[in-house]
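Chains as they are written, first to last, in the working numbering: chain A, 1 to 337; chain B, 338 to 674; chain C, 675 to 1011; chain D, 1012 to 1348. Beta carbons are placed, not taken as given, at the ideal position from N, Cα and C, and that holds for glycine. Right, one structure below, let's go through it.
4 protein chains.
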Amino acid sequence: MTQPMRFLSDNTASICPEVLAAIAQANRDLVVAYGDDPWTRRLDEALGAFFGAPVRAFAVTTGTAANSLALAALSPPYGAIYCHPEAHIAVDECCAPGFFTGGAQLERIAGAHGKLTAEALTATLDAQHVSVHTIQPACVSISQATERGTAYRPEEVAAICKVAHGRGLHVHMDGSRFANAVTFLGCQPGDVTWRAGIDVLSFGATKSGALGAEAVVFFDLKLVRDFELRRKRAGHLLSKSRFIAAQLLAYVESGVWRRNAERANALARRLGEAAGERLLDPVEANEVFVELGAAGKASLRAAGFEFYDWGPPASGEARRSPPGIRTSATSRRCARL
Amino acid sequence: MTQPMRFLSDNTASICPEVLAAIAQANRDLVVAYGDDPWTRRLDEALGAFFGAPVRAFAVTTGTAANSLALAALSPPYGAIYCHPEAHIAVDECCAPGFFTGGAQLERIAGAHGKLTAEALTATLDAQHVSVHTIQPACVSISQATERGTAYRPEEVAAICKVAHGRGLHVHMDGSRFANAVTFLGCQPGDVTWRAGIDVLSFGATKSGALGAEAVVFFDLKLVRDFELRRKRAGHLLSKSRFIAAQLLAYVESGVWRRNAERANALARRLGEAAGERLLDPVEANEVFVELGAAGKASLRAAGFEFYDWGPPASGEARRSPPGIRTSATSRRCARL
Amino acid sequence: MTQPMRFLSDNTASICPEVLAAIAQANRDLVVAYGDDPWTRRLDEALGAFFGAPVRAFAVTTGTAANSLALAALSPPYGAIYCHPEAHIAVDECCAPGFFTGGAQLERIAGAHGKLTAEALTATLDAQHVSVHTIQPACVSISQATERGTAYRPEEVAAICKVAHGRGLHVHMDGSRFANAVTFLGCQPGDVTWRAGIDVLSFGATKSGALGAEAVVFFDLKLVRDFELRRKRAGHLLSKSRFIAAQLLAYVESGVWRRNAERANALARRLGEAAGERLLDPVEANEVFVELGAAGKASLRAAGFEFYDWGPPASGEARRSPPGIRTSATSRRCARL
Amino acid sequence: MTQPMRFLSDNTASICPEVLAAIAQANRDLVVAYGDDPWTRRLDEALGAFFGAPVRAFAVTTGTAANSLALAALSPPYGAIYCHPEAHIAVDECCAPGFFTGGAQLERIAGAHGKLTAEALTATLDAQHVSVHTIQPACVSISQATERGTAYRPEEVAAICKVAHGRGLHVHMDGSRFANAVTFLGCQPGDVTWRAGIDVLSFGATKSGALGAEAVVFFDLKLVRDFELRRKRAGHLLSKSRFIAAQLLAYVESGVWRRNAERANALARRLGEAAGERLLDPVEANEVFVELGAAGKASLRAAGFEFYDWGPPASGEARRSPPGIRTSATSRRCARL
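Below, the structure is given as structure tokens:
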């Protein structure tokens, strides 16, 4: 075996052929820069068709930018953003939400298998006094698929949105693995977003085959407001925007979003089946969490497998056996398994 | 009874005579503004004598300013600030820490009776991966007395500081009721601060009799750095600084800090004894948390008592009986009880 | 002569008797904290009467806080704030406007004797492209009296406001020496504020006799929006708010605002007359700028006078004779002249 | 003529063949994400060889991100950043410097043909008082080539850096058209950067043929500090970093940076020669500013030319004849002229 078996980030994967071809095809002519190009101008229409509803969609190159710009559209600088303790925005974005909002705080609401529930959200909001002294409840952010590889059902999303909207809060969905979740659910993209009440979605393509392309998709068009100015001042308006838009168009219009997700999900299922009793969470998208123990991990690594330790890191003398690993069965490489 | 019995914020109280006299006495002559006056110049020395150690002390007018400026000296904009879920900085400051730090996040660590423990801190830090993607552990903030009216013992503070310093984190103490805690503990002010490892203290006088005077007290002098610039750009450098400094000097040098605290603590103890079984937390400083039930609360209010509902507010139709009340036995008014 | 003649900041002065008495008189009873007290509740009415129009007024303790909070109500984080190059917000507030707005930029428009003119504002705005790439014109800020001791006439203010409003910009007035300007102009407070188009005023009392009290006064009530939350998160909501409100009430209702200003202006006029040809700016309020030359300055200082060097500081080897000095004839001390 | 002659932004151009090929060649294998890949790991070495000095280089996708992250490494939130009034950071980045620094202000220093001079910088710094009240001088930012298409000579850069360093300020260079400037100057890349005293460079490749690739290049390695955390929290750490690094490597190692610049500069020179007397600035890089008058502009536009109006926009009734236009002779399209 000449290459390691890499079950690391989805982003270890390369660009899928459909997306790379789209970049090459867009590489002709002089076109107006900064988004006034034929590809970017088609984004709203193409994503509107994908979601089955009118949308405003804005391209950026990273999930952190998509999430943070979306949250800054939903929360004032003194706002509370409710999310799961394992949410990417809480764990993996180096305080980007605080930076983009100007100081908003993340309020964590625990839940099994990476999911925030309507009940827990209700209890949290019930327990909070709101006055001029307090943080001001602003929005809820959920991840689809979650950070534990599970997928919210449409009715789960709807229940969360109902609670949030009833309190005047907006709802954001971090959809960096949106394709994997929708493919698993067998539903339409609109079923777990606007039909269930989602106001703004970070729609990810990078983890599923793009070079670097995410869209902030507004279903509630009133919320767009000054989004373009905020994107610009954050350095996230690309001069040659056509090449980001072209990735997104190819991703949704060629059907590759679904093909890549089906393949990745299927490979993850195989891994999950092999894990049997050791599985820590249901395998619904393309992430697999397995309890291996120190010996199991060592032996897999000796055999050339690469994967992340998950759960608490060892600390100081009190080294403990980390309880699990995380593997990402990405779209392209996992054929080797 | 012509006046209500007000068990609300400590700040319903007026200015104590010693402090008001100090303001009047400082009201003479032309003196250089913005802190280059004889009163302000004596602050370091007077607070150094009070704490028994060299300090740098900076006057501000509110506890929120003191806490937030202190935290901004301890955390970068991408930092994690560990605190109890009921901490004033987390609950009552309208995202001020996020504003002053430029985006740092509050990480909540639960604990009984308002206290964060060294064990819980260790467990939390052990469980966190730190990389370029994550929030960066920066500092710990504890309240003395706590938001539940309890006081950290010197050894509890020392244990927390030992864990924090061992991981490269600094420790801030929110001492808005510092006098009440020290008086209860019967220790020296230095015993629960620098001797136990505290790096920066928000030393409050307002809740104990000042008009509006708090000091940010640095025990680790290296941490002062650009504090004065940050205070100025936040609008917290008062032009007539002498009147804030004079309050602080009178507060520590006249001994009124201890007399007010003794009185308030004693009154709180009497209330606590009367509450008996209904007491929710030990009464160690000047706050009393009592389980009254809806009927008990209504009857007290009918009799002219004013107090806060504490615990979760009622929400919508699902009105529940709030579990407790909060009373603050402040320094001056409680003689009426 | 036992005491120096101090022509430094207005803030070298002490508290005037009327204001100190008001603080002492408010020092009775338990009253609800954080602004729900009888003094604070009367602010809108008292200042409305003072200005002759409905207002919303919010007390803070420093001019930097008043200005910055006002500007944050008028400018988004990507806004342009137009001001004179010598404006206090540009020169003396350590980037507070950038901090409170979250990044807005100050665009300087030069003008003689500290004044920004409608013509210069028009020319500046005409010359600016506005697109998603640019800073977004947001508001204008003028100082009354200016940093050179001159006062805008009502028609000058009106002309500026007309240009600004015609472009969709709001207008802020930094009125730290508002009393001095109005007294000089012999007009009503409303004549140079809302009647001329001012949207928000920083109304200063500190420089004219208060301990520390300024009001942010909204004439355009729609602009208040989230002001109270922004004040709180900046640490500028005082717990014992009554003592700040009481200062402001005494200041406007006792007539001391005018008495102090009349005296300070008169003393400044005497100084100005004595300066004769050496005067750099018309003396209209309580600031006097005089060309003394190095020898003149040295001799005055030897005689016990204290004053600021103004204009460029000497630098390195190229020490130049600073062109002028600044004296502030404040309300209380100047009787000695 | 079927296609317009587009003299708009350099960014209307497409990706040059060498860079697109590099992206395709990097599109193989699974590689670790977020910068721990073979391409990114070679950046320091490759750019070090290009500049002839040890560097730390960090890839981002936009010039605004590069500039703002660089400035945030050089200025505290209360800092003054000195730049030309026409600088991209002042005119075309929607307050990004204020956002990334947390509130720093841009201080404009005018100069002919887009250049800031050492003399003007000295005069500006000499004229500034610095105290706790003032904005704090932090750094200087110059553009190479400038926004008027001129190039700083090495000795001009050195003179600016000498003044700045002598006052404790760092110097940033916005090199979005760095290749054009160096090619015109006929010098080595190091001659106008580190040898002349530049501390940090925004090294642009996008305007000269990349899809979207810029490097923040530190010559003063001590200044790197927390750059990677700031890049991450701004959403500018790309998961598939290899594709940004691969563009930069191809750009400097294939020599295409010079070939594209030579071609663009030559075409700009031809345009400039044709403009004759109407030329507003010397043509030194790939920008041409011409005085055309309204009639000249209309006739060129009728003939299919596209170009920007430059100088003040018309406003309201007072429509004036805009004094000039801007054309960018970019690397690929201008062959058609």
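Here G272 of chain A is near L279 of chain A, since their CB atoms are less than 7 Å apart.
In this structure, the beta-carbon distance from G416 of chain B to A501 of chain B does not fall below 7 Å. Per DSSP, R393 of chain B is one residue of the beta strand (DSSP E) stretching across R393 to V397. Between I135 of chain A and chain D, the shortest Cβ-Cβ separation is not below 7 Å.
Of all C-beta pairs linking the stretch 927-941 of chain C to the stretch 875-882 of chain C, three or more are shorter than 8 Å, placing the two stretches in contact. A603 of chain B sits away from A363 of chain B, with the two beta carbons spaced by 7 Å or more.
B:A407 is the residue among B:A407, B:G448 and B:T401 whose C-alpha sits nearest the C-alpha of R393 of chain B.
Closest in alpha carbon position to V182 of chain A, among A:L223, A:F203 and A:L249, is A:F203. Annotated three-state conformation of V140 of chain A is strand, per DSSP.
Not a single C-beta of chain D is nearer than 7 Å to the C-beta of L743 of chain C. Between Y419 of chain B and chain A, the shortest Cβ-Cβ separation is not below 7 Å. By the neighbour-count definition (other C-beta atoms within 10 Å, threshold 16), E492 of chain B is an exposed residue.
Separation of A887 of chain C and V930 of chain C (C-alpha to C-alpha, rounded to the nearest whole angstrom) is 14 Å. In the DSSP assignment, Q921 of chain C falls within the unbroken alpha helix (DSSP H) covering R916 to E927.
Out of B:I581, B:I479 and B:T398, the CA that lies nearest to the CA of A457 of chain B is found in B:I479. Annotation note: the stretch 410-479 of chain B contains the following uninterrupted alpha helix (DSSP H) runs of length 4 or greater, listed N- to C-terminal: 425-428, 433-438 and 455-463. Setting aside the 5 residues that flank it on each side, A853 of chain C is surrounded in the same chain by S882, W931 and A935, each with a C-beta closer than 6 Å to its C-beta; the list follows chain order. Counting only the Cα atoms, V1228 of chain D lies some 12 Å from E1056 of chain D. Here S239 of chain A carries a coil assignment [DSSP, helix/strand/coil]. The DSSP-derived three-state label of V288 of chain A is strand. Nearest to R1159 of chain D by C-alpha distance, out of D:L1058, D:Q1116 and D:N1297, is D:N1297. Boundaries of the beta strand (DSSP E) harbouring D309 of chain A: F305 to W310, taken from the DSSP string. Taking 7 Å as the CB threshold, K896 of chain C stays off the interface with chain A.
For a Cβ distance threshold of 7 Å, residue set R233 of chain A lies close to C1106 of chain D, ordered along the chain. Residue contact check for Y415 of chain B against chain A: a CB pair falls below 7 Å.
Pairing V508 of chain B with I472 of chain B gives a Cβ-Cβ distance that is not under 7 Å. When DSSP states are grouped into helix, strand and coil, D281 of chain A belongs to the coil group. A contact between stretches requires three or more CB pairs, one per stretch, nearer than 8 Å, and the stretch 223-238 of chain A meets this requirement with the stretch 59-78 of chain A. Residue contact check for D1021 of chain D against chain C: no CB pair falls below 7 Å. By DSSP's assignment, V554 of chain B forms a beta bridge with B:A394 and B:L538. About 7 Å separates the CB atoms of A24 of chain A and L1031 of chain D; that is less than 8 Å, so the two are in contact. Sequence-distant Cβ neighbours of A740 of chain C in its own chain, meaning closer than 6 Å and more than five residues away, are V734, S876, E888 and V890. Under the three-state reduction of DSSP, V1043 of chain D is assigned to coil, being neither helix nor strand. Between V625 of chain B and A612 of chain B the beta-carbon gap is near 7 Å, inside 8 Å, which marks them as a contact. Against chain D, the beta carbon of V553 of chain B has no neighbour under 7 Å; the closest one sits roughly 15 Å away. Beta-bridge analysis with DSSP links R6 of chain A to A:E306.
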